[in-house]
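A.B. asks: If you use the UniProt record's numbering, the sequence shown corresponds to residues 1 to 161, in order. One structure, pasted below without further comment.
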Amino acid sequence: MHLQPSFRQEPNPELKTWLYASGSLTQQLTELADGIFKVEPTREYFKRLTFLDSKWMRVPHQHTSWVRESLLYGCEGEAWVKAKSIFPIQSLQGRARLFKHIGKKPIGWFLFERTEPKCERRVIWLDEGWTRQSCYTWHGCKFIVQETFLPKFEQFLKQHG
Numbered sequence: 001m002h003l004q005p006s007f008r009q010e011p012n013p014e015l016k017t018w019l020y021a022s023g024s025l026t027q028q029l030t031e032l033a034d035g036i037f038k039v040e041p042t043r044e045y046f047k048r049l050t051f052l053d054s055k056w057m058r059v060p061h062q063h064t065s066w067v068r069e070s071l072l073y074g075c076e077g078e079a080w081v082k083a084k085s086i087f088p089i090q091s092l093q094g095r096a097r098l099f100k101h102i103g104k105k106p107i108g109w110f111l112f113e114r115t116e117p118k119c120e121r122r123v124i125w126l127d128e129g130w131t132r133q134s135c136y137t138w139h140g141c142k143f144i145v146q147e148t149f150l151p152k153f154e155q156f157l158k159q160h161g
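Shown next as structure tokens:
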């Protein structure tokens, strides 16, 4: 993981707004794409939390997490966003149990339904592109949602900005 490579110090102005936007990315992408939005889950698995993620969520790093990886599509054939959600097992209790069974539904539909969850955010550069990582606290549960904006999304913003 590269945090800030020398060749790319700042995101493009078109993308910067998206990296720092609050609220539901699902809703924002749907509006941008004139009502078209699709989630395509690619992987679900269990994994031990990384030290950095466990520190950010303030949970022991020995804890196992459930990870969901997905591609998010707007009104084009190529994915706009690569998403990864990391739920410590203890967070998948109570209301958050539903996240393990949402299939192709976006997490944002549930996360922002009648609530405004507490969110801490960091923006980093990964090999795949500019990424925002959000640590949410929702009904007492903590989890991370990582969204990497892919080149096709940046192209769309430049063309339709």
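The beta carbon of each residue, even a glycine, is placed where N, CA and C say it ideally should be. Only a predicted model underlies this, so the values are computations on that prediction, with no experimental measurement involved.
#1: Where does residue 151 sit, in a helix, a strand or coil, going by DSSP?
#2: By a C-beta neighbour count over all protein chains shown, 10 Å radius and 16 as the cutoff for buried, is residue 52 buried or exposed?
#3: Does DSSP put residue 116 in a helix, a strand or coil?
#4: Which whole runs of the beta strand (DSSP E) in the region 71-100 are 3 residues long or more, in chain order?
#5: What distance in whole Å lies between the Cβ atoms of residue 69 and residue 47, which are believed to be in contact at a cut-off of 8 Å?
#6: Can you tell me which of the three DSSP states residue 54 falls into?
#7: So, helix, strand or coil for residue 156, using DSSP?
#8: Closest to residue 101 by C-alpha separation, out of 124, 87 and 114, would be which residue?
#9: My guess is that residue 81 and residue 148 are in contact by the Cβ rule of under 8 Å, so how many angstroms apart are they, rounded?
C.D. replies: Quick answer:
#1: If DSSP states are grouped into helix, strand and coil, residue 151 belongs with the helices.
#2: Counting every other CB atom within 10 Å of its CB across the protein chains shown gives residue 52 a total below 16, marking it as exposed.
#3: DSSP places residue 116 in the coil class of the three-state scheme, outside both helix and strand.
#4: DSSP runs (the beta strand (DSSP E)) wholly in the region 71-100: 81-88.
#5: A Cβ-Cβ separation of about 11 Å leaves residue 47 out of contact with residue 69 under the 8 Å criterion.
#6: The answer is helix: DSSP assigns residue 54 an H, G or I state.
#7: Correct three-state label for residue 156: helix.
#8: When only C-alpha atoms are compared, the closest one is 87.
#9: 7 Å between Cβ atoms; contact.
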